[in-house]
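> Pasting a structure here, questions to come.
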Amino acid sequence: MNTQTPIDNADRLLIRDALDDTVIVEAAAGTGKTTELVRRILNVLATGRARIEQVVAVTFTEKAAGELKLRIRKELESLRQRSDAAAVHERLTDAIGRLEEAHVSTIHGFCADLLRERPVEARIDPLFGVLAEAGAERIFGEAFHAWLHGQLEDPPEGVRRALRRSVWSRDGRDRDDGPVERLRRAARELAEWRDFTGPWRRDPFDRDGELGRVIARVHEVASICSTAASTHDPLYLDLTPVREVSHHIEIAARLDAPDRDGWEARVIDLAQDRNVRRARRGRERTYGPGVPRETVWTAYETLMTELDRFQRAADCDLAALLHEELQGMVSEYERLKQRAGTLDFVDLLLRARDLLVEHARVRQAFQSRFTHIFVDEFQDTDPLQAEILLLLAADTAAERDWRRVTPIPGKLFIVGDPKQAIYRFRRADVETYREVCELLEARGARRAFLQTSFRATPTIQRAVNAAFAPLMTGDRATVQAQYVALSSYRQENVGQPAVIALPVPEPYGQRRMAGYAIEKSLPAGIGAFVHWLLRESGWTVTERTTPDDAPQLMRVEARHVCILFRRFLHFGEDVTRAYVEALESRGVPHLLVGGKSFHDREEVETLRAALSAIEWPDDELSVFATIRGALFAFDDETLLDYWHRYRSFHPFRVPAEVVPELGPVADALRLLRGLHSGRNHRPVADTVTRLLNATRAHVGFVLRQAGEQALANVLHVAELARRYEMSGGISFRGFVEELREQADGGQAAEAPILEEGSDGVRLMTVHKAKGLEFPVVVLADMTAKLRSERADRLIDRARHACYLRLGRWTPSELALNEPLEIARDEAEGVRVAYVAATRARDLLVVPAVGDAVWDGGWTGPMNDAIYPVANARQAAAAAPGCPPFKKDSVWKRPDNDPASADTVRPGLHSCPGQGSDGAYSVTWWDPWALNLDVELSIGIRRESLIMKDVPASVVSEGLREYEKWRTLREQAIARGSTPSLLVRTATEWAASEGGPEVSADVLQRVLVLDARGPERPGGMRFGELVHAILAAVPLQADRAAIDALAETQGRILAAPPDERAAAGDTVERILAHEVVARARHADQRGACRRETPVTLTLPDGALIEGIVDLAFEEDGAWTVVDYKTDREMAAAGEDRYRRQVVFYASAIAAATGQPAAGVLVRV
């Protein structure tokens, strides 16, 4: 065990002991911040500064909140056992008993609690529901389509122009399904940022005049470039789109059919055309007869300048127009949520903030109740969250501006790490973190810095320090964090590398290094390395290390490895697919967390098409895809013959007589018809299973490439169906539509490839891995950009405005500040790389190119830490624990070129540390040591399984085993179908003819009292009203209290005034009865029970349950009272209700050991 004292021990003591100070903690990755937070909470409780219900602890995710609550409980128990002081022991015992009263949740969960307590002041439905992301999307989609249909009758300018714009994207970031979907996403962005209400500037823009000038320039260039001496001239070829646009506009003008919205779209398409923007000048000085090439080139450059200027102005104008026009869509979304009585996540923050700001009494009440507020992951907090928390921590209720708040000393405790702030797209704002920290420090808060990391080995930490200390400079303009170096605590894991640079095997295109070549080659390299690591390395990793626990070494397994990505999609394609195939081909188990790969698998698409055919038999395209696909696999000739004869593939139009050779097609259609007819009468998973069994799909899938994975994927669809029904899904159609939405949106379940809990290599994004750690971390997809090419938003706090890039149209304010916003995006890209690198405990693997540094990728911040200095790249030593390496870190080059002096030689390289850190080593891997040429396996097919000459004894044994399994299965189903406990209500038991006999003498001992009055209303509603009042009315109530309760319950049941009055009269008579008077006396002694549930187990094992209206004890005996209306008794008979009262009396007698008698009161 490591017994050294952490260098930040003074800061840790400050966190635990400075309980009367506001403390801000900046905790680097792996420094045990949650441990310190829990210790401070325990000290606050143990010293009596707060009770558990006065504590608020806010975390970033529901999972983290659950883990924090469990950790608090565990540490409370431990501290209580160690405590000798009686007062401390009592406080901790109380905290354990009331832990569920503590507000340990996400900020959204906490805000929901506040709103549920004060719905009137918040002006919301008291029974509001919280919309998860999918639910919010459904309501938003409904609102958008309703709004759009109204707009299309007479579309305003912005909507009209937006719908005409093309949907392709030059930078590949916009995955538009069409102009309507692009407009919907723009509206969704505005809805997400609706709390920023500041106006957008719309500069003067004469669209038609500017468009006319640009078109004139297009005609000029088209005319001059059409004079080329050769149609093979590269400049002539590259400017073909210019001539085409000119030609189309001229035709429309001659036909007197101007379409200025369409022309605007065509001109902007021209500005974005890749060939036009990269036009080749050509070599000949003369372009055409009498036309110098320089003249054409100058005209082209002038055109491009004007195109760019027009596009910027038109986009700014369109963005401002849409911002105004889409406000109606946002209002419609708000209206539908209000009608449904629901709030989305933004609403929770907005309404809670408004509740605290606008109502001083509410603010004061919550400030008084919550005496200590603990905030984890504060760097991921947005301005709304910061405002709520600071208002609650204020020392006065008079202040409503969070920027002028002074927190009560010791009330607020904040933990964060700006180096791990990677959620700008979710409204998190590092600038808010910095502003709040500076505000609190100015008001007396103390700072603590945790830098001793218990997670990674010293080598990994030194590499991380070397990579990120020069990049995280605390620059205020780009809102970059100030780097705080990690300090080592663990010991090195000697005999094996800790940091590996994994070269791309084939980084070259035709002649130069190319991104597409790296993307093609890297998955195989990572797959081969992971396979070697798991099967051949013999390396060990440690279980998690803390200051209190010694590290436990174990051999590396698949569950210890995580492959991290910056993105999952690139130009609409799934980035992870190649990595999944590289692992599958080597038999490495894996678990893809999120991503589109699962839904893009052929077997899943096949099953999804079949389920669509079952739900929509009129969709002949889905039906055709199903019977032609892998489930039925009919060839084109057979299907064409069937269509020629019967003219339909509709499952409900199968001819009664079909020629024998086409009988299987008819049988397949009848199967789909049968599954359709019963789809809503059985579980969804059962329909899926029946389809697979009927088509024997298991065999077909398992015998294909990567068959085990394919079969697991198909079976996982059935598991998704079970989850769908467990989460409240009620229809087969709903499940099919949910699958479609997940496929279209690139979503997937947590375990799409293997069963949950399996020990596979994890593949996930860095954002998914936030807060997690793994023994081995491999960074993948190194060509993913470090930053975006375009800025997405600009927040102007002074104007309370958020300027968003709507669709692909940038508003003026954002365009002016775009370089700064891109720099801020790059700063966040550096932080993303930092988060990825600090997930590793024992081994960090960074992809690289052996011949030269690959810049611009998301792993680029690690380059300076893994590349040796230029003059030492060939000075490599033998790497411990590694196979023998050759001399070249590039597997293949064009023309088999040899390595150069700049090529990094495989082996162990020493790198200088950062600051006071010592040197560290990086092992450059040898791609020649990996098995790179591996084909996908062919399922689980083996020769022994497909041999024709299988002995009869083997077949017989297999059949016996199968029959045995089937018998055991049927027996298990039969046992499971028999209820282990028969539960019945008292009413059912009393009405049953087969129940135990109750003697007439016992029934006659039940006293029947008449509390009826003069003529009054009757019916079921009146009886429910009387029962409801009797259940809630105090036994000492006067007539005013009775009438008030009758009014309330009457409104709930929609009872008219005369029934409410009559019910009040009835209840008043009952309360005046002598039996109830006795109950009042018993109630004063605490010997009265009302609306009490009781159970009794009968001799035959049946469990009977019911609710007693009134029971009281006097002189050692219980009296049980049951109210019944006269019409109830007339309809069912008095003996039935006598039996019921006998049951209640028997249950109470059995529970108390005292005699009990029944009283039936006729009301």
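Quick note on the numbering used here: the sequence shown kicks off at 763 and runs consecutively.
Note that CB positions come from ideal geometry on N, CA and C, so glycine has one too.
(1) Histidine 1010 by DSSP, collapsed to three states: which one?
(2) Does DSSP classify glycine 1619 as helix, strand or coil?
(3) With H, G and I counted as helix, E and B as strand and the rest as coil, what does DSSP make of glutamate 1335?
(4) Between the alpha carbons of tyrosine 1185 and threonine 1572, how many angstroms are there, rounded?
(5) In the DSSP output, what is phenylalanine 1874 paired with across the bridge?
(6) Let's see if you can read the secondary structure: which residues bound the alpha helix (DSSP H) around methionine 1544?
(7) According to DSSP, is histidine 1134 helix, strand or coil?
(8) Who are the near neighbours of serine 1706 in its chain, counting only those whose CB is closer than 6 Å to its CB and skipping five residues on each side?
(9) Is the region 875-895 touching the region 1049-1059, taking contact as three or more C-beta pairs under 8 Å?
(10) Output the boundary residues of the alpha helix (DSSP H) element that contains histidine 911.
(11) Does the Cβ of leucine 1744 have 16 or more other Cβ atoms within 10 Å, making it buried, or fewer, making it exposed?
(12) From the DSSP output, read off the bridge partner residues of lysine 1173.
(13) When you compare each of Val1421, Trp909, Asp1800, Ala1849 to valine 1829 by their alpha carbons, which one comes out closest?
(14) Taking the C-alpha atoms as reference points, what is the distance between leucine 775 and glutamine 1126?
(15) Below 8 Å on the Cβ atoms is my contact criterion, and I expect proline 1413 with histidine 1443 to pass it. Report the Cβ-Cβ distance as a whole number of Å.
(16) Would you kindly check if the distance between the Cβ of aspartate 1077 and the Cβ of valine 1038 is under 8 Å?
(17) Leaving out five residues on either side along the sequence, give the residues of the same chain with a beta carbon under 7 Å from the beta carbon of serine 845.
(18) Check each candidate in Asp1871, Ala1247, Leu1088 and name the one with the smallest Cα separation from glutamine 1223.
(19) Could you check what DSSP says for isoleucine 1184 in three-state terms: helix, strand or coil?
(20) Which ranges would you report for the alpha helix (DSSP H) in the region 1060-1147 if only whole runs of at least 4 residues count?
(21) Tell me the DSSP secondary structure of aspartate 1496 in three-state form.
(22) Can you name, in chain order, every residue of its own chain whose Cβ lies under 6 Å from the Cβ of threonine 1545, other than the five neighbours on each side?
(23) Exposed or buried, aspartate 1310, counting other C-beta atoms within 10 Å across all chains shown (16 or more means buried)?
(24) From alanine 1138 to glutamate 1193, what does the alpha carbon distance come to, in whole angstroms?
(25) Which first and last residues belong to the beta strand (DSSP E) in which leucine 1670 is found?
(26) If I'm right that threonine 1235 touches valine 1261 with Cβ under 8 Å, what's the distance once you round it to whole angstroms?
(27) Thinking just about the alpha-carbon of each residue, which of Lys1649, Gly1349, Leu1098 is nearest to the one in isoleucine 901?
(28) Can you tell me the Cα-Cα spacing of leucine 1083 and glutamine 1073, whole angstroms?
(29) Alpha carbon to alpha carbon, what distance is there between tyrosine 1565 and tryptophan 1686?
(30) Among Ala1864, Tyr1408, Ala905, Asp1021, which has the Cα closest to the Cα of serine 1093?
(31) Please say whether serine 1672 and alanine 1661 have beta carbons closer to each other than 8 Å?
(32) Tell me the DSSP secondary structure of glutamate 1728 in three-state form.
(33) In chain order, what residues of the same chain lie with their CB nearer than 6 Å to the CB of tyrosine 1596, ignoring the 5 residues before and after it?
(34) What are the uninterrupted segments assigned as beta strand (DSSP E) that are 3 or more residues long and contained completely in the region 1207-1276, given in chain order?
(35) Would arginine 1840 and alanine 1873 be called neighbours here (beta carbons separated by less than 8 Å)?
(36) The alpha helix (DSSP H) spanning glycine 859 covers which residue range?
On the basis of the data shown:
(1) Taking the sequence shown and counting its residues from 1, one reaches residue 1010 at position 248. Helix, per DSSP.
(2) As a position in the sequence shown, residue 1619 is number 857, starting the count at 1. The answer is strand: DSSP assigns glycine 1619 an E or B state.
(3) Within the sequence shown, the letter at position 573 stands for residue 1335. Strand at glutamate 1335.
(4) Here residue 1185 is taken as the residue at index 423 of the sequence shown, counted from 1. Here residue 1572 is taken as the residue at index 810 of the sequence shown, counted from 1. So the two alpha carbons sit approximately 21 Å from each other.
(5) Here residue 1874 refers to the residue found at position 1112 when the sequence shown is read from its first residue. DSSP lists Cys1850, Thr1881 as the beta-bridge partner residues of phenylalanine 1874.
(6) For the purposes of this step, residue 1544 is taken as the residue at position 782 of the sequence shown. In this chain, methionine 1544 is not harboured by any alpha helix (DSSP H), its DSSP state being neither H nor E.
(7) Here residue 1134 corresponds to residue number 372 of the sequence shown, with the count starting at 1. When DSSP states are grouped into helix, strand and coil, histidine 1134 belongs to the strand group.
(8) In the sequence shown, counting from the first residue as 1, residue 1706 sits at position 944. Legend: pLDDT at serine 1706 = 39, less than 50; position of this residue unreliable, value from coordinates given subsequently. If we look at serine 1706 and ignore the five residues flanking it on each side, it has no Cβ neighbours.
(9) The region 875-895 vs the region 1049-1059: no contact.
(10) Position 149 of the sequence shown, counted from the first residue, corresponds to residue 911. Its alpha helix (DSSP H) spans residues 895-914.
(11) Looking up residue 1744 in the sequence shown gives position 982. Burial call: exposed.
(12) The residue you call residue 1173 lines up with position 411 of the sequence shown. Beta-bridge pairing links lysine 1173 to no other residue.
(13) As a position in the sequence shown, residue 1829 is number 1067, starting the count at 1. Among Val1421, Trp909, Asp1800, Ala1849, the Cα nearest to that of valine 1829 belongs to Asp1800.
(14) In the sequence shown, residue 775 corresponds to position 13, counting from 1. In the sequence shown, residue 1126 corresponds to position 364, counting from 1. Straight-line Cα distance between these residues: approximately 32 Å.
(15) Position 651 of the sequence shown, counted from the first residue, corresponds to residue 1413. Position 681 of the sequence shown, counted from the first residue, corresponds to residue 1443. Contact doesn't hold; Cβ gap of about 17 Å is too wide.
(16) Here residue 1038 refers to the residue found at position 276 when the sequence shown is read from its first residue. Here residue 1077 refers to the residue found at position 315 when the sequence shown is read from its first residue. No, they are not a contact pair.
(17) Position 83 of the sequence shown holds residue 845. Closer than 7 Å at Cβ, skipping near neighbours: His851, Leu854.
(18) Your numbering for residue 1223 matches position 461 in the sequence shown. Glutamine 1223 has its Cα closest to that of Ala1247, out of Asp1871, Ala1247, Leu1088.
(19) By 1-based counting over the sequence shown, the position of residue 1184 is 422. Isoleucine 1184: coil per DSSP, three-state reduction.
(20) Segments of the alpha helix (DSSP H) lying fully in the region 1060-1147: 1089-1102, 1107-1120, 1122-1131.
(21) The count along the sequence shown starts at 1 and reaches residue 1496 at position 734. The question names aspartate, but residue 1496 in the sequence shown is glycine. Of the three classes helix, strand and coil, the one that applies to glycine 1496 here is helix, per DSSP.
(22) The residue labelled residue 1545 in the question sits at position 783 within the sequence shown. Cβ neighbours of threonine 1545 beyond the five flanking positions: Gly1277, Ile1280, Glu1281, Gly1619.
(23) The residue labelled residue 1310 in the question sits at position 548 within the sequence shown. Confidence at aspartate 1310 is low in this model, with a pLDDT of 49, below 50, so its placement is unreliable and no value can be given for it.
(24) Residue numbering aside, residue 1138 sits at position 376 when the sequence shown is read from its first letter. Residue numbering aside, residue 1193 sits at position 431 when the sequence shown is read from its first letter. A small correction: the amino acid at residue 1138 is aspartate; alanine does not occupy that position in the sequence shown. When rounded, the distance between both Cα atoms is 17 Å.
(25) Position 908 of the sequence shown holds residue 1670. In the DSSP assignment, leucine 1670 falls within the beta strand (DSSP E) that extends over 1669-1673.
(26) Taking the sequence shown and counting its residues from 1, the one referred to as residue 1235 is at position 473. Taking the sequence shown and counting its residues from 1, the one referred to as residue 1261 is at position 499. With 8 Å as the limit, threonine 1235 and valine 1261 do not qualify as a contact, their Cβ atoms being about 23 Å apart.
(27) The residue labelled residue 901 in the question sits at position 139 within the sequence shown. Ranked by Cα distance from isoleucine 901, the first of Lys1649, Gly1349, Leu1098 is Leu1098.
(28) Position 321 of the sequence shown, counted from the first residue, corresponds to residue 1083. Position 311 of the sequence shown, counted from the first residue, corresponds to residue 1073. Distance between the alpha carbons of leucine 1083 and glutamine 1073: 15 Å.
(29) Mapped onto the sequence shown, residue 1686 falls at position 924. Mapped onto the sequence shown, residue 1565 falls at position 803. When rounded, the distance between both Cα atoms is 45 Å.
(30) Walking along the sequence shown from the start, residue 1093 turns up at place 331. Measuring from the Cα of serine 1093, the nearest candidate turns out to be Ala905.
(31) As a first step, residue 1661 is located in the sequence shown; it is residue number 899 there, counting from the start. As a first step, residue 1672 is located in the sequence shown; it is residue number 910 there, counting from the start. Result no, Cβ atoms of alanine 1661 and serine 1672 do not sit closer than 8 Å.
(32) Counting from one through the sequence shown, the residue named residue 1728 turns up at place 966. Contrary to the premise, residue 1728 reads as arginine rather than glutamate in this sequence. In this structure, arginine 1728 counts as helix in the three-state DSSP scheme.
(33) The residue you call residue 1596 lines up with position 834 of the sequence shown. Non-local beta-carbon contacts of tyrosine 1596 in its own chain, meaning distances under 6 Å to residues more than five positions away in sequence, involve Lys1181, Phe1230 in chain order.
(34) Correct list: 1208-1212, 1261-1265.
(35) On the sequence shown, position 1078 is the one that residue 1840 refers to. On the sequence shown, position 1111 is the one that residue 1873 refers to. The beta carbons of arginine 1840 and alanine 1873 sit no closer together than 8 Å.
(36) As a first step, residue 859 must be located in the sequence shown, where it is residue number 97. Going by DSSP, glycine 859 is part of the alpha helix (DSSP H) stretching over 848-859.
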